[in-house]
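Protein chains in written order, with our numbering: chain R, 167 to 524; chain L, 167 to 524; chain S, 167 to 524; chain E, 167 to 524.
Glycine included, C-beta positions come from ideal geometry on N, C-alpha and C.
Accompanying notes for the structure given below.
Number of protein chains: 4
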Amino acid sequence: MNTIGHTFKVTLFGSSHGDAVGCVLDGVPPGLIIDIQAVQREVDLRRPADGIGTPRREADVVEIVSGVRDGRASGTPITIFIRNENRDSDKYKRFKDVPRPGHADMTQVSKYGQCVDIRGGGQFSGRMTAPLVAAGAIARMLLSDLGIEIAAYTTSIGKVVDVKEHSIQELIAQAKKNDVRAANEEFAESMRREILEACEDNDSVGGVVSCICDGVPVGLGEPFFDTVEGELSKIMFAIPAVKGVEFGAGFRAASMRGSDHNDPFVVVDGRLRTAKNDAGGVLGGISNGMPITFRVAFKPTASIAKEQRSVDRTTMEETDIKIEGRHDPCIVPRAVIVVEAATALVLADLVVRGGFVD
Amino acid sequence: MNTIGHTFKVTLFGSSHGDAVGCVLDGVPPGLIIDIQAVQREVDLRRPADGIGTPRREADVVEIVSGVRDGRASGTPITIFIRNENRDSDKYKRFKDVPRPGHADMTQVSKYGQCVDIRGGGQFSGRMTAPLVAAGAIARMLLSDLGIEIAAYTTSIGKVVDVKEHSIQELIAQAKKNDVRAANEEFAESMRREILEACEDNDSVGGVVSCICDGVPVGLGEPFFDTVEGELSKIMFAIPAVKGVEFGAGFRAASMRGSDHNDPFVVVDGRLRTAKNDAGGVLGGISNGMPITFRVAFKPTASIAKEQRSVDRTTMEETDIKIEGRHDPCIVPRAVIVVEAATALVLADLVVRGGFVD
Amino acid sequence: MNTIGHTFKVTLFGSSHGDAVGCVLDGVPPGLIIDIQAVQREVDLRRPADGIGTPRREADVVEIVSGVRDGRASGTPITIFIRNENRDSDKYKRFKDVPRPGHADMTQVSKYGQCVDIRGGGQFSGRMTAPLVAAGAIARMLLSDLGIEIAAYTTSIGKVVDVKEHSIQELIAQAKKNDVRAANEEFAESMRREILEACEDNDSVGGVVSCICDGVPVGLGEPFFDTVEGELSKIMFAIPAVKGVEFGAGFRAASMRGSDHNDPFVVVDGRLRTAKNDAGGVLGGISNGMPITFRVAFKPTASIAKEQRSVDRTTMEETDIKIEGRHDPCIVPRAVIVVEAATALVLADLVVRGGFVD
Amino acid sequence: MNTIGHTFKVTLFGSSHGDAVGCVLDGVPPGLIIDIQAVQREVDLRRPADGIGTPRREADVVEIVSGVRDGRASGTPITIFIRNENRDSDKYKRFKDVPRPGHADMTQVSKYGQCVDIRGGGQFSGRMTAPLVAAGAIARMLLSDLGIEIAAYTTSIGKVVDVKEHSIQELIAQAKKNDVRAANEEFAESMRREILEACEDNDSVGGVVSCICDGVPVGLGEPFFDTVEGELSKIMFAIPAVKGVEFGAGFRAASMRGSDHNDPFVVVDGRLRTAKNDAGGVLGGISNGMPITFRVAFKPTASIAKEQRSVDRTTMEETDIKIEGRHDPCIVPRAVIVVEAATALVLADLVVRGGFVD
């Protein structure tokens, strides 16, 4: 349903074209310093960029309506509110009858019936990730106290692929400075061109987000089922448009030999580490102290201006559909902060469950 | 922890070198016909094959000790027991001090302390998948009544990759007939060679399992968080050695344009379908009535006979380690039935939650 | 924590002296007609009465900020907001050091530390029951469609005890008409006097609320643990000031013989019923189709104007404490609607879990 | 369903007349010393006494089949098995058609259908409390390390009521020495007579169990919903035959004034305590460091040899029923250890959730 987490839990509410979106965070340790400006800054990073993003602009002002007093978590649930302002809903009615290819219109109407609110994707909208980012910002404050840092960046857009390794320091310094969230301005430029080309063709394009978590202690994860990878992948697939998740060497591991893939143990500065990190920081579902690394594949935005084939469900006849409205030609740049936030929520829950917080 | 599922739930217990492994299944609809021979047959499919599998052989006799009466589920939890017989545990002691690369020894000891039982991987052992397969067999009986079929098969081993599309009928007919679980004997032969070569090199090799679920009704999945992809990926990452999961076009979608990736809606036999299935049967986290398709990447078996580098934790000095014992040079053929079982558990929970069962 | 329910779930947020209190309801069947006026009416029934209630008056305006569209549940979580207006918080600071007898000041500060917000009871305040009542009103709409009715009333206040049996029709017609929520005006008058006497003595008084649920189908409850009684009692003890819960004959059953207590089965209008209802409508944790009946004991309001003994935690010396401020001399009349709402939430969850809703 | 607990969790399985009953305990801290003899001793205390208990005698041998190695918890789930031996099941068939008054036959068949196993009460049998006691014994080992002690005893049987206060030391020393589990031999004698009289009349009798938990730290309980009282009451109502639960002054509090009921704070040995304990050790749902005290009402055993009225569901005609078989004329003496075990399970979960264990 709309809640995730075992002890540090977030419940999302609202919909794209309702009054507001928001969330309730339960299990935040009392006394945690909550920097509302920092929450707002993270939410702002999710907003579309000029030129390569949708022209729909929401102010996305974060209101904390409960759970914080005098700048600290009080121990009661933290409720966050983000009002919807810029709604343009009329055009969605038709999609209940003629579902948009690649969209959830068809599955939503089939599952929930005609009362479902599909405007802007309703509950399935990318807009639901705004409160997710706000919640993630608070999770990050908890993690930051433990020395855990998270950095995601755009690794590929369409045919442009960044195969270089980047340090987390480089990513933290650079990736939020360009509007594509690429590791540096050079990649950003090529990726921006790829997005604009798709846009000019009335089309959209997909991409990959990579994520690195540094400073993670040994011992996060609660096997058999609540593994680090399992918990992270579950929340990643809740982000609209995600089609794949892989850790460390990922799918590449399938073609490797064990002697290549196994990461030898070594001693670095008196601590047990591995010489490389094809495991992606996880062994047996538990963090091993190396950076947790994973990659998330995003499909191209489903809404495109090009004409597409669909079916009118009232007559069951095939028909053409053209989606007007305002859409991102590529969701990936905006998804980077969402991946970071979702990661923070999972790690915060695991550190609380694992007893790493006082 | 060791329980998964919301309404149709499974709890695993036991460890590789304890007395037994087993599980408790709660939420099985009373009256469901339970075919114990069929459960045993599925568990037998998980056993290692001659030549390409580990020489450790367990009888793996399935005992149902509660919850079934006169061949039907009674509504109380079903408890399944599989005794461990063929144990050879002495050699594991050393691995608490000198962790095996690629294994969970290091993370287990760090997390649970010296009392943890790492023999054979303990709770993290592939052996825990035996009761998972038994539980999945029961989930399958529930799904079968609804016309849902699941077929997984080996798509790649090392460098040998099967890129052909196979119908689910072909897979059901062929994949269990060869010991590699390939789509046909031709692929099986090449893949078998790939495994034997790795074995001769005292090494191991990884691979990919693909899975198709047919007959799935529209409307499975409980967004925002409990999506079809999220629930399936979470359980897949609980299977030892899994490093990646992708649905439909998966990572390939990241390089596509929207006009290529979106599946156009069409009418087939009076029903709303899509002309192709790059979505992998899921839109907005909810099944759309097309086959659910996904691929799971397995790393090469961590245990190899080759000498590897590790660290003695008592002295914090680097050292060499050689793993003797009995291991599968490639886990993929045995993982095929495990992927099917895990899939069945998730789908059974989603059909019960979605109200598709009476 | 702050969430209750398995499939129909409510999460409470806010605190007595924060900006707002509210809740998120997940699992409301899409299409359910939501009558916002009816929600407001139920919340209004929780407000204090003139003369016998606290002079603190909140407008308690219910805002539904998500999940309802065109008067129907849309399938996404329903979020309800009730702003706090009438706050008078200064006097609470002292209670962190000198805890009020019978209050949660001492346990809150010990558990959550100095950041906890104890103003007005904070998260432990009776004020948290306002959103509970709003959520219960929605649960009631679901139950009402199934013919389930819930009526609670004040059975005793201090020494005044109503031992008569009342039909649910009588209770529905009468109990909300008097400010004590007694079964009739005669009892209301005696109980009102009991409250006013306590008030004149600068004291408070306790009482008992009885509850009847009619029209309950056979088969609610999910043993072994999620029994009708277990689920109802758990939520009742979340209502501040509750000290006891009993079903049917309750504690009286302890002194009975089996031949007196067992309810004989009879046939009434062709249906299987029991000749009397000492079981309180539950056998083996499952509803048996007879009315579910239970009684809830409330302690006297902890806040009294009389001087009391306490301890100053900074010096660990005993001291006197006088609680000024505005308090109900008896919480029972206002608790009646809260008991009904909490009951509705539990029954709604059980009917959804039991498959009684479409 | 059949699982209870948030972090320290127990899942029950089996049924009265199946092969075995048992449980799986998840979340037991690795390294905890598990004394199997102590588990067996607790389970033995649940067995019926000569003269006043049922003649059905089960050996109730406890087998731990997973999760314990070298006398310590290994961190994996602990699975406990108790085989059923002494079954005499034929007589139960008739009760599917002609339900026994006061029993769950009618609700079980209505809810689960004809496949349900009602022999001996099936899943609703008092026999399910045998694995509950075994699990509780392990919870107790965890609590004992923290200095928490639990003692329950029989406070009333029928008309014989023990209104004296007893110290926990007295109860620990005396209550297990007599077969009624009374506070001393004098009460035991009167209560035993009350049971035998009921038995001679072919009847049964109810009673009350009181429970005291000493050494409980301040701060257990997770409001709003997961309060100490809420969690304890929920599990108590899962024990067959329980009809009421009250804490501290309980129902008596309803007739009290606030000035009488509020427990004044005092300093004892430098610690904050209350001068008396009408709160039963809980304020605002959180333990306050005083002993947690509560009372549990048990109805008389439903199975009596006296003729009773019932209905034949196949013909829907009223009929007489006589229950032969072997039954306890009073369940209360055997319930005492069950109340202790259930209490231990709840407190163990709360201490783990509250971070009181390493």
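Asked	Found
Residue from 188(S), 225(S), 216(S), 212(S) whose Cα sits closest to the Cα of residue 245(R)	188(S)
Run of the alpha helix (DSSP H) containing residue 274(R), from where it starts to where it stops	271–278
Selected residue, minimal CA-CA separation from residue 436(S), among 483(E), 473(E), 337(E), 465(E)	483(E)
Reference residue 427(L), options 434(L), 418(L), 433(L), closest by Cα	418(L)
Spatial distance of residue 269(E) from residue 356(E) (CA atoms)	28 Å
Length of the line joining the Cα atoms of residue 488(E) and residue 472(E)	6 Å
Pairwise C-alpha distance: residue 226(S) and residue 205(E)	53 Å
Where the region 170–191 of chain S meets chain E: residues whose CB sits under 8 Å from a CB there	170, 178
Residue 190(E) to residue 468(S) span [Cα, whole Å]	42 Å
C-beta contact flag for residue 249(S) and residue 303(S) at 9 Å	no
For residue 260(S), the nearest candidate out of 251(S), 514(S), 285(S) (CA to CA)	285(S)
Cβ-Cβ distance between residue 376(S) and residue 321(S) below 9 Å	yes
Within 9 Å, strictly: CB atoms of residue 407(R) and residue 372(R)	yes
Whether residue 277(L) touches residue 387(R) by CB criterion (9 Å)	yes
Range of the contiguous alpha helix (DSSP H) that encloses residue 312(S)	Premise fails: residue 312(S) is in no alpha helix (DSSP H) and is neither H nor E.
Buried or exposed by the 16-neighbour rule on C-beta atoms within 10 Å, applied to residue 291(E)	buried
Near-chain S residues of the region 249–276 of chain E (beta-carbon distance less than 9 Å), N- to C-terminal order	264, 265, 266, 267, 268, 269, 270, 271, 272, 273, 274, 276
Residue 390(R) to residue 415(R) span [Cα, whole Å]	22 Å
Buried versus exposed, by CB contacts within 10 Å (16 or more), residue 485(S)	exposed
Residue ranges of each beta strand (DSSP E) within the region 182–230 of chain L, 3 or longer	186–192
Own chain residues within Cβ distance below 6 Å of residue 271(R), not counting five before or after	261, 265, 284
Rounded separation between residue 363(S) and residue 217(S) - CA only	12 Å
Rounded distance between the beta-carbons of residue 324(E) and residue 360(E), thought under 8 Å	4 Å
Contacts around residue 455(R), its chain only, beta-carbon distance under 6 Å, and the 5 residues preceding and following it disregarded	384
C-alpha distance - residue 509(S) paired with residue 401(S), whole-angstrom precision	8 Å
Classification of residue 184(S) by the beta-carbon crowding that lies within 10 angstroms, buried from 16 upward	buried
CB-CB length for residue 403(S) against residue 395(E), believed under 8 Å	4 Å
When 412(S), 398(S), 229(S), 432(S) are compared against residue 478(E), the one with the closest alpha-carbon	432(S)
Extent of the continuous alpha helix (DSSP H) run through residue 259(E)	259–263
DSSP state of residue 412(R) mapped onto helix, strand, coil	strand
Identity of the residues DSSP links to residue 392(L) by a beta bridge	388(L)
Rounded separation between residue 370(R) and residue 497(R) - CA only	9 Å
C-beta atoms of residue 338(L) and residue 457(L) nearer than 9 Å	no
Buried versus exposed call for residue 331(L) [16 or more other C-beta atoms within 10 Å across all chains shown]	exposed
C-beta neighbour in chain E for residue 389(S), strict 9 Å	yes
Rounded C-alpha distance that separates residue 536(L) from residue 280(R)	In the structure as shown, chain L begins at 167 and stops at 524. Residue 536(L) is therefore absent and cannot be evaluated.
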